[in-house]
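Asker: In the numbering used here, the protein residues as written are 37 to 81. Glycine included, every Cβ here is placed at the ideal spot set by N, Cα and C. Can you keep this structure in mind? I'll have questions shortly.
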């Protein structure tokens with residue numbers, strides 16, 4: 037059971053990491069929310 041549990045937890049961990057990378061790519065990438073927030077701040081909006 038330990039091997040099965042370890043394998044399942046590894047799968048879940050990988051899925052979570054991929055979701056986190058996808059989120060970061062969208063939010064921190066060109067045109068993402070972070071870029072828009074910084075531009076609004078710099079432009080005084």
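Distance check for residue 63 and residue 55, CA to CA, integer angstroms please.
Answerer: Along the chain shown, one-based indexing puts residue 55 at 19. Along the chain shown, one-based indexing puts residue 63 at 27. Near 12 Å, if we compare the C-alpha coordinates of residue 63 and residue 55.
Asker: Kindly indicate the opening and closing residues of the alpha helix (DSSP H) around residue 40.
Answerer: Position 4 of the chain shown, counted from the start, is the residue given in the question as residue 40. That run of the alpha helix (DSSP H) goes 38-64.
Asker: Residue 69 by DSSP, collapsed to three states: which one?
Answerer: Within the chain shown, numbered from 1, the residue matching residue 69 stands at position 33. In the structure shown, residue 69 sits in a helix (DSSP, three-state: H, G or I).
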